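Enquirer: In UniProt numbering, the protein residues as written are 1 to 351. Each residue gets a CB set at the ideal place from its N, CA and C atoms; glycine is no exception. The structure presented is a predicted model; accordingly, all values stated were derived computationally and were not measured.
(1) Return the residue from the list 126, 156 and 274 that minimises the CA-CA distance to residue 180.
(2) Please report the straight-line C-alpha distance between residue 303 and residue 294, rounded to a whole angstrom.
(3) Look at residue 95 and residue 75 and say whether their C-beta atoms are less than 7 Å apart.
(4) Assuming residue 110 contacts residue 123 under a Cβ cut-off of 8 Å, what Cβ separation, rounded to an integer in Å, is found between them?
(5) Would you list the one or two residues that DSSP bridges to residue 345?
(6) Go to residue 100, then tell me how far its alpha helix (DSSP H) extends in each direction, as first and last residue.
(7) Only counting runs of 4 or more residues, tell me where the alpha helix (DSSP H) segments fall wholly within the segment 45–108, in order along the chain.
(8) By the three-class DSSP mapping on this structure, what secondary structure does residue 153 have?
(9) According to DSSP, what are the bridge partners of residue 164?
(10) Going by alpha carbons, who is nearest to residue 238 out of 25, 15 and 8?
(11) Under 6 Å Cβ to Cβ from residue 53, same chain only, skipping five residues before and after it: list those, please.
(12) Any chance the segment 329–342 sits against the segment 60–80, with 3 or more Cβ pairs inside 8 Å?
(13) Which residue wins for smallest C-alpha separation from residue 345, given the options 157, 62, 35 and 184?
(14) For the segment 232–252 against the segment 134–147, do three or more pairs of beta-carbon atoms, one drawn from each stretch, fall closer than 8 Å, so that the two count as touching?
(15) Going by DSSP in three states, residue 139 sits in which element: helix, strand or coil?
(16) Three-state secondary structure (DSSP) at residue 24?
(17) How is residue 196 classed by DSSP in three states: helix, strand or coil?
(18) Below 8 Å on the Cβ atoms is my guess for residue 278 versus residue 208; work out the distance and round it to an integer in Å.
(19) With a threshold of 8 Å, are at least 3 pairs of Cβ atoms found where one atom belongs to the segment 221–236 and the other to the segment 272–288?
(20) With three or more beta-carbon pairs closer than 8 Å as the criterion, would you say the segment 204–218 touches the segment 6–13?
(21) By DSSP, does residue 278 sit in helix, in strand, or in coil?
(22) What residue range is occupied by the uninterrupted alpha helix (DSSP H) comprising residue 36?
(23) Tell me, please, whether the CB atom of residue 336 is closer than 7 Å to any CB atom in chain B?
(24) How many angstroms separate the CA atom of residue 306 from the CA atom of residue 319?
(25) Determine the closest residue to residue 296 out of 130, 15 and 165, with distance taken between C-alpha atoms.
(26) If we ignore side chains and look at the alpha-carbon of each, how far apart do residue 283 and residue 202 end up?
(27) Assuming residue 36 and residue 49 make a contact with CB atoms under 8 Å, what is their CB distance in whole Å?
(28) Taking residue 205 as the reference, which of 254, 259, 224 and 230 has the closest Cα?
(29) With a threshold of 16 other CB atoms inside 10 Å of the CB of residue 241, please say whether the residue is buried or exposed.
(30) Just to confirm, are residue 145 and residue 167 a CB contact at a threshold of 7 Å?
(31) Which runs of the alpha helix (DSSP H) at least 4 residues long sit entirely within the segment 230–291? Give them in chain order.
(32) Tell me residue 320's beta-bridge partners as DSSP assigns them.
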């Protein structure tokens, strides 16, 4: 009995692996044979080794080129010229990969909606609340919360205590979002006017370029065969790319690991639209709905803190902030990023 069972399982696995290698529609797409055969390859790097699959994907691209079959059913493409094919606009259908959103366990949420048309229907109900006009009406709340954050900074300066900026910014975002959604915040927190000039935008863009989410949000063209570099991508195939790799393309961003806000100013002066290569919120019909709110929080908080306080980093070493593991967001070798600072100078609010 056991012999028959084991033989059946063995033959089933051999047949499945042979199909994936030699008869699957993605059989011609380059990549490691082990990745084409089984998801265990991805499981090993992501689960056993803890968020290291992104570096295995990088190694694959270095060996096989811009298009790689990273598991039995998914292709990963690192090419900005193909980005809008994956994350297409309103005129073309793009579903989400059911396996990619299953972990959210919220099938009725817009974020986890697989079907293109159903997502559009749900998203249309939410869009007015996150438009630039709606976010503009929320600015007094954002100013109020940022001022409360600054009160803590002023107190820290007087007491000469170290502050955890990571926790503070999470609390700020949490209070703003819960206030907007529920009319009252969670109480995590217990210059309002600035020029949105080139340097502010450059600093924000460069920060988003280097610190954006590292995961690969996959998309599916349900009824469309796409083509890339001679390879056919049949309907129903999950396609993805990682903004981490795109934002570090040396042909677009020279010295990509350097924090260089000047690159954005220089590009603007010569008439180049470098921001079209910045995709921290993705693009297309599934782009992050909170992009306007995010930018409002980032610009307001950054400008207020920089104009009102002098900060000195402490207990924060570069090696402890280095991106090592992909846990949807970037993570260091151990734990999470923790940014600590001491307020060494404070100025009066001249807003």
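Expert: Inspection of the coordinates gives the following:
(1) The residue labelled residue 180 in the question sits at position 180 within the chain shown. Nearest option by C-alpha distance: 126.
(2) As a first step, residue 303 must be located in the chain shown, where it is residue number 303. As a first step, residue 294 must be located in the chain shown, where it is residue number 294. Looking at the two C-alpha atoms, the distance is approximately 14 Å.
(3) In the chain shown, residue 95 corresponds to position 95, counting from 1. In the chain shown, residue 75 corresponds to position 75, counting from 1. Not in contact: residue 95 and residue 75 (Cβ atoms no closer than 7 Å).
(4) In the chain shown, the residue the question calls residue 110 occupies position 110. In the chain shown, the residue the question calls residue 123 occupies position 123. Indeed they touch by this definition, with Cβ atoms about 5 Å apart.
(5) Looking up residue 345 in the chain shown gives position 345. BP columns for residue 345 point to 310.
(6) Here residue 100 refers to the residue found at position 100 of the chain shown. Element bounds for residue 100: 98–101.
(7) 53–64, 83–86 and 98–101
(8) Start at 1 with the first residue of the chain shown, and residue 153 comes out as number 153. Looking at residue 153 - three-state DSSP - the assignment turns out to be helix.
(9) Along the chain shown, read from residue 1 onward, the residue named residue 164 stands at position 164. Answer is 340, bridged to residue 164.
(10) The sequence position of residue 238 within the chain shown is 238, counting from 1. Nearest of 25, 15 and 8 to residue 238, Cα basis: 25.
(11) Counting from 1 along the chain shown, the entry for residue 53 is found at position 53. Cβ within range, chain order: 42, 45 and 46.
(12) no
(13) On the chain shown, position 345 is the one that residue 345 refers to. The residue with the shortest Cα to Cα distance from residue 345 is 157.
(14) no
(15) The sequence position of residue 139 within the chain shown is 139, counting from 1. Residue 139 falls in the helix class under three-state DSSP.
(16) Along the chain shown, read from residue 1 onward, the residue named residue 24 stands at position 24. The answer is coil: DSSP assigns residue 24 none of H, G, I, E or B.
(17) In the chain shown, the residue the question calls residue 196 occupies position 196. Because residue 196 carries a pLDDT of 45, less than 50, the predicted location of this residue cannot be relied on, and no value is offered for it.
(18) Looking up residue 278 in the chain shown gives position 278. Looking up residue 208 in the chain shown gives position 208. Yes, they are in contact, since the Cβ atoms of residue 278 and residue 208 sit about 6 Å apart, within 8 Å.
(19) no
(20) no
(21) Within the chain shown, numbered from 1, the residue matching residue 278 stands at position 278. Residue 278: coil per DSSP, three-state reduction.
(22) Reading the chain shown from its first residue, position 36 is the one you call residue 36. 33–37 is the extent of the alpha helix (DSSP H) around residue 36.
(23) Among the chains of the structure shown, chain B does not appear; only one protein chain is present.
(24) Here residue 306 refers to the residue found at position 306 of the chain shown. Here residue 319 refers to the residue found at position 319 of the chain shown. Roughly 24 Å separates the two Cα atoms.
(25) Mapped onto the chain shown, residue 296 falls at position 296. For residue 296, the nearest C-alpha among the options comes from 130.
(26) Mapped onto the chain shown, residue 283 falls at position 283. Mapped onto the chain shown, residue 202 falls at position 202. Looking at the two C-alpha atoms, the distance is approximately 20 Å.
(27) Taking the chain shown and counting its residues from 1, the one referred to as residue 36 is at position 36. Taking the chain shown and counting its residues from 1, the one referred to as residue 49 is at position 49. Not really, about 20 Å apart at Cβ, beyond 8 Å.
(28) The residue you call residue 205 lines up with position 205 of the chain shown. The shortest C-alpha separation from residue 205 is found at 259.
(29) The count along the chain shown starts at 1 and reaches residue 241 at position 241. It is buried - the Cβ of residue 241 has at least 16 other Cβ atoms within 10 Å.
(30) Stepping through the chain shown from its first residue, residue 145 is reached at position 145. Stepping through the chain shown from its first residue, residue 167 is reached at position 167. Not closer than 7 Å, so no.
(31) 243–246 and 262–269
(32) The residue you call residue 320 lines up with position 320 of the chain shown. In the DSSP output, where bridge partners are listed per residue, residue 320 has none listed.
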